[in-house]
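These notes concern the structure reproduced below.
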Amino acid sequence: MYVGWVLVQLGIGLTTGSGWVLATLPAVGAGLHRDVVREERRLTRLFGDEYQRYSEKVGRYLPGR
């Protein structure tokens, strides 16, 4: 999902030729990464070992490990 958001922004920037949209891409990626890490911490608190085992099997941003 998060990779999709970044790809949509990249696509919009390339399609419209907007340098501004492309220039903000690193900041958007950094912000999303921050949010993902926070969400993972929250899920670990809520679901404990079950979420930990799940997260070891799946990729953070792309399926698989």
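Numbering (the working numbering), first residue to last: 61 to 125. Ideal Cβ positions, reconstructed from N, Cα and C, are used throughout, including at glycine.
Secondary structure at proline 86, three-state DSSP: helix, strand or coil? helix
Count the C-beta pairs between the segment 79–87 and the segment 98–115 that are closer than 8 angstroms, then say yes if the count reaches three, no if not. no
Give me, in chain order, the residues of the same chain whose beta-carbon lies closer than 8 angstroms to that of leucine 74; leave out the 5 immediate sequence neighbours on both sides. Leu82
Excluding the 5 residues flanking valine 88 on each side, which residues of the same chain have their C-beta closer than 8 angstroms to its C-beta? Trp65, Val66 and Gln69
Is the beta carbon of valine 96 closer than 8 angstroms to that of arginine 113? no
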